[in-house]
Amino acid sequence: MPIIDALIHRGFIIHIVTNAPAFLFDSALKWTHQCHLRPLIVDVGVIQSDAITLDRTKTMDALEGFMKTDSEWICTETQWLQQNDISMILLDAPFLPALAAKAINIPAVVVSNFTFDSMYSSLCELPTPKETKILESVYLAYAATTNLIQLPGEVDIPAFTKRDGLVYKVPLVVRHSTKRRDVLRAELGIPIDAQVLLICFGGHELLVGSWSPDTVLPDDTWYGLVVGWNSKNSTSRLKSVGQNVFMPDLINCSDVVLGKAGYGLCSEVVAHNKPLLYIKRSGWAEESGLINMMNSYGHAVQMEYADFTAGRWKHTILKAVELNQTSPRGHLHTDGADKVVEVIEGLMKI
Numbered sequence: 011m012p013i014i015d016a017l018i019h020r021g022f023i024i025h026i027v028t029n030a031p032a033f034l035f036d037s038a039l040k041w042t043h044q045c046h047l048r049p050l051i052v053d054v055g056v057i058q059s060d061a062i063t064l065d066r067t068k069t070m071d072a073l074e075g076f077m078k079t080d081s082e083w084i085c086t087e088t089q090w091l092q093q094n095d096i097s098m099i100l101l102d103a104p105f106l107p108a109l110a111a112k113a114i115n116i117p118a119v120v121v122s123n124f125t126f127d128s129m130y131s132s133l134c135e136l137p138t139p140k141e142t143k144i145l146e147s148v149y150l151a152y153a154a155t156t157n158l159i160q161l162p163g164e165v166d167i168p169a170f171t172k173r174d175g176l177v178y179k180v181p182l183v184v185r186h187s188t189k190r191r192d193v194l195r196a197e198l199g200i201p202i203d204a205q206v207l208l209i210c211f212g213g214h215e216l217l218v219g220s221w222s223p224d225t226v227l228p229d230d231t232w233y234g235l236v237v238g239w240n241s242k243n244s245t246s247r248l249k250s251v252g253q254n255v256f257m258p259d260l261i262n263c264s265d266v267v268l269g270k271a272g273y274g275l276c277s278e279v280v281a282h283n284k285p286l287l288y289i290k291r292s293g294w295a296e297e298s299g300l301i302n303m304m305n306s307y308g309h310a311v312q313m314e315y316a317d318f319t320a321g322r323w324k325h326t327i328l329k330a331v332e333l334n335q336t337s338p339r340g341h342l343h344t345d346g347a348d349k350v351v352e353v354i355e356g357l358m359k360i
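If you read the sequence shown in my numbering, its first letter stands for residue 11, the second for the next number, and so on.
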């Protein structure tokens, strides 16, 4: 979103092509003459069986099904690109649109810290012959991209290992809070002097197990905010908040964040100087780059999966608090969105 907003403010006309919920783009879509939403499945991402576990079989089956219609998809997309006079595609980070862009000779620029070829390769450590063929097709699609604008927290991106001259590194692209900490706490019924744990897992059902404020929180001065949790499970100290609440505001309102290591969450905890508790996900290639970034510019503490599901959180929460208070960290600039737009403007002049 920061990149979209920055492009709009520079006068670009934007078409957002995605199957993500429309509410995620509300701030951009208010510019009706400049920003348009086109709902379309552009990739299958990675399928999870729960909040933590990646499902290799379902992911690869979905990817195979998606790729079976790739020629038809590319043909339709090529026509749409021409009809709407599109001059550049930005990818975060689907791969098939790059082939449509190549067909009509327009730039296709990856703007990301990872690509799905590395993700799928990590998920399929010993690929079957069928999986190998699919992985090769994904790699070849990324090879059709023209440039990479690389965000912090990066991992190896195979399509650009031998194309260094086409890679542009930028600072952190990140959203910032818009509401004061004390104001949001008052709205949520949380004392200003309380400690708050924010729990967010991207809308997946949480394995609640034996959770209760007394088991998961260090003491009765702590409150928990659970994003996307069933509100009927809420208590006075373990509260549910909707997924449409602006996440940077929740992060700024909190003292510790518990969740998965994804770019959005990691960038926002770094920008707001909050420690992250994360549960390691096997096969999630992006994670290593993000944790490296957190170790340099933020604070990340791993919580064991068994401790997470059993509600044994207290020790890890307190460890994160101590680390954030006592360990210095490096500084990472947060003007990445403006830098991305500068790169895009430069590429359009070539």
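For glycine and all other residues, C-beta sits at the position ideal for the given N, C-alpha and C.
Everything numeric in this text was worked out from a predicted model, so none of it was measured.
Taking a 10 Å sphere around the C-beta of THR155, we find 16 or more other C-beta atoms and assign the residue as buried.
The beta carbon of LEU208 lies closer than 6 Å to those of LEU235, LEU260, SER264 and VAL267 in the same chain, with the five residues before and after it left out. DSSP links SER250 through a beta bridge to VAL236. Under the DSSP definition of a beta bridge, GLY356 lacks any partner. By the neighbour-count definition (other C-beta atoms within 10 Å, threshold 16), ALA204 is an exposed residue. Burial state of LYS284 is buried, judged by a 10 Å Cβ sphere holding 16 or more other Cβ atoms. Residue state for VAL311 is assigned as strand, using DSSP reduced to three classes. Take ILE289, set aside five residues on each side of it, and the residues of its chain with a beta-carbon closer than 6 Å to its own are ILE62, MET313, TYR315 and PHE318, in chain order.
The alpha-carbon of LEU158 is positioned some 9 Å away from that of ASN123. C-alpha of PRO31 to C-alpha of VAL52: approximately 14 Å in a straight line.
Look at LYS40 here: in three-state DSSP terms it is coil, with no helix or strand label.
With contacts defined by Cβ atoms closer than 7 Å, ASP192 and ILE200 do not form a contacting pair. Of GLY163, VAL226 and MET257, the smallest CA-CA separation from HIS325 is found for VAL226. SER128: member of the alpha helix (DSSP H) spanning 126–133, first to last residue.
Pairing ARG66 with VAL351 gives a Cβ-Cβ distance that is not under 7 Å. For the pair of segments examined, the region 33–47 was found not to touch the region 78–89: the number of CB pairs separated by less than 8 Å stays below three. Shortest Cα-Cα distance from GLY274 to any of LEU287, ASN262 and MET257 involves MET257. Under the criterion of beta carbons closer than 8 Å, LEU145 and PRO137 qualify as touching, at roughly 6 Å. In this structure, the beta-carbon distance from LEU182 to SER298 does not fall below 7 Å.
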